[in-house]
Amino acid sequence: MALLRKINQVLLFLLIVTLCAILYKKIHKKTVIKNETDVESETPEELEEEIPVVICAAAGRMGAAMAAINSIYSNTDANILFYVVGLRNTLSRIRKWIEHSKLREINFKIVEFNPTVLKGKIRPDASRPELLQPLNFVRFYLPLLIHQHEKVIYLDDDVIVQGDIQELYDTTLALGHAAAFSDDCDLPSTQDIHRLVGLQNTYMGYLDYRKKTIKDLGISPSTCSFNPGVIVANMTEWKHQRITKQLEKWMQKNVEENLYSSSLGGGVATSPMLIVFHGKYSTINPLWHIRHLGWNPDARYSEHFLQEAKLLHWNGRHKPWDFPSVHNHFWESWFVPDPAGIFKLNHNS
C-alpha cells in the first residue's frame with residue numbers, strides 16, 4: 001500500500017507539472033501573438049520612414065547646399081538621410097563643413113559623382129558655361145547613386161525649404177510615372193513675375209523648333225514646361241523605363257545636332273528631361289516650388305507670398321549669397337558659416 005501511495009503521489013506531481021507547462025505555453029503564445037499583432041497594426045505614420053534627400057555640393061557654391069540642408073533639417077521631425085553629392089576633390093571639404101558646424105547632428109552620406117559618365121555627352125556652350133558643370137547632371141543618374149530607396153527627393157542647391165519635407169515626400173506619383181515636377185504654368189502669381197523678368201514657360205523656350213528632330217517629336221511648342229530643380233522620383237519606375245539611358249540619348253543627339261542650348265531656356269539639363277518626361281510625370285504642389293527668384297534683381301514677389309511658400313528657389317544668375325540678388329534675407333537666415341572660411345557672402349559689392 002505504501003508503494004502504491006508513493007506511485008500515486010509521483011503521478012500527481014507529474015500531472016501538476018504537465019498542467020503548469022501547458023498553461024505556460026498558452027500564456028506565452030498569447031503574449032507573442034499580441035506583440036506581433038501590435039507591430040503589424042502600427043500604421044505607416046507610426047513607423048519612422050527614412051526620407052532620402054539628394055543635394056549637390058559644388059566647390060564654388062558649397063554654402064548653398066549647406067543652407068538648404070539646414071533649412072530642411074530645421075523644419076521637420078522626419079528621419080532625413082541626406083545624400084550630399086560632390087566631385088572627388090571636394091569630398092573632404094564637404095565632410096569638414098558638416099562635422100564642424102551646427103549640421104553635425106544630421107544623418108548623411110557623402111557620394112562621389114564621377115564626371116567621366118558625361119564624356120562626349122555635353123555640347124560646349126559659351127553663353128552660360130556654369131550650367132555645364134558635371135553636378136548639374138547628377139539628377140540624370142539618381143539610381144546609380146541611390147540604391148536602397150524606392151522614393152527619392154532631389155533638390156537643386158539654391159533652394160530653401162520652409163515647410164516640412166515630409167509633405168513633399170508624400171507627393172503622390174501616378175501609376176507608371178517615374179517622377180513628379182512643378183509645372184511652369186501653375187506657379188501662383190506666375191503672370192506677374194513672368195511679365196517682370198520676361199520668362200517663357202513653354203517648350204518653345206527650351207527646344208529649337210527649327211530642327212527636324214524636335215519637330216518630329218510631335219510636341220506642341222506651346223506645351224507647358226516644368227522645372228526639374230525639385231524632383232520626387234520613383235526609383236523602380238525610373239530603372240524600369242530606363243530613364244537615364246533615354247536622357248543620355250538626347251544629350252548625345254544635342255551634341256550632334258544642337259537641339260537646345262542655354263541661350264534658350266537657360267538650362268541644358270532641363271531640355272532632355274522635358275523630352276523624356278513629356279506627358280509622363282506627376283505634379284508637385286505649386287507652393288513646394290516657388291522659383292525664378294534669381295532671374296532679375298529688380299523683380300520681387302510680395303513678402304507675404306514668400307512667407308507662405310514651402311520652398312523657395314533662386315534659379316537664374318542672381319544667387320542669394322551674391323550681389324545683386326533679391327529676397328536674400330530668406331536665404332541668409334539658414335546660412336551655415338564655412339569652418340574653412342572659404343565660402344563668404346557677397347552682398348556689399
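Numbering-wise (full-length UniProt numbering), the sequence shown opens with residue 1 and increments by one.
From the three backbone atoms N, C-alpha and C, an ideal C-beta is built for every residue, glycine too.
Residue from the options with nearest C-alpha to residue i
i, options, result
"residue 132", "332, 333, 270, 112", "270"
"residue 113", "277, 142, 276", "142"
"residue 243", "214, 78, 178, 118", "178"
"residue 182", "70, 283, 294, 298", "283"
"residue 87", "342, 105, 59", "59"
"residue 185", "164, 211, 227", "227"
"residue 229", "315, 250, 268, 166", "315"
"residue 234", "152, 170, 285, 297", "152"
"residue 296", "320, 213, 73", "320"
"residue 435", "347, 123, 341, 306", "The structure shown does not extend to residue 435, since the chain is modelled only from 1 to 349, so the question has no answer here."
"residue 322", "101, 250, 305, 293", "293"
"residue 302", "317, 103, 327", "327"
"residue 210", "201, 257, 171", "257"
"residue 67", "332, 173, 148, 318", "332"
"residue 155", "341, 248, 69, 201", "69"
"residue 172", "305, 248, 49, 285", "285"
"residue 122", "201, 249, 104", "249"
"residue 217", "170, 89, 272, 174", "272"
"residue 225", "214, 215, 206", "206"
"residue 298", "215, 318, 304, 77", "318"
"residue 170", "49, 148, 140", "49"
Simplified DSSP state of residue i, which is helix, strand or coil
i, result
"residue 138", "helix"
"residue 333", "coil"
"residue 286", "helix"
"residue 175", "coil"
"residue 305", "helix"
"residue 155", "strand"
"residue 118", "helix"
"residue 272", "helix"
"residue 233", "strand"
"residue 70", "helix"
"residue 106", "coil"
"residue 214", "helix"
"residue 81", "strand"
"residue 227", "strand"
"residue 255", "helix"
"residue 182", "strand"
"residue 167", "helix"
"residue 144", "helix"
"residue 219", "coil"
"residue 243", "helix"
"residue 312", "strand"
"residue 342", "coil"
Neighbourhood of residue i by C-beta distance below 6 Å, restricted to the same chain and skipping five residues each side
i, result
"residue 204", "221"
"residue 115", "134"
"residue 290", "309, 312"
"residue 241", "178"
"residue 237", "178"
"residue 300", "326"
"residue 26", "Here the model assigns residue 26 a pLDDT of 49, short of 50, so the residue's position is not dependable, and the following value carries that caveat. Contacts found: none."
"residue 77", "none"
"residue 304", "none"
Proximity below 8 Å, CB of residue i to CB of residue j
i, j, result
"residue 208", "residue 259", "yes"
"residue 57", "residue 157", "yes"
"residue 246", "residue 276", "yes"
"residue 255", "residue 120", "yes"
"residue 168", "residue 232", "yes"
"residue 160", "residue 343", "no"
"residue 339", "residue 96", "yes"
Sequence-distant residues of the same chain with beta carbon closer than 8 Å to residue i, five excluded per side
i, result
"residue 145", "54, 83, 85, 111, 113, 138"
"residue 287", "163, 188, 308, 309, 310, 311"
"residue 75", "161, 162, 163, 164, 165"
"residue 89", "59"
Cβ-Cβ separation, residue j to residue i (assumed contact under 8 Å), whole Å
i, j, result
"residue 91", "residue 107", "Going by Cβ atoms, the distance from residue 91 to residue 107 rounds to 17 Å, so no, they are not a contact pair."
"residue 51", "residue 79", "6 Å"
"residue 334", "residue 71", "4 Å"
"residue 180", "residue 281", "6 Å"
Cut-off 7 Å between Cβ atoms - residues of its own chain near residue i, not counting five sequence neighbours on either side
i, result
"residue 219", "203, 278"
"residue 239", "143"
"residue 118", "134, 137"
"residue 213", "253, 257, 259"
"residue 104", "98"
Residue-level contact to chain D via CB, residue i, 8 Å cutoff
i, result
"residue 321", "You won't find chain D in this structure, because it holds only one protein chain."
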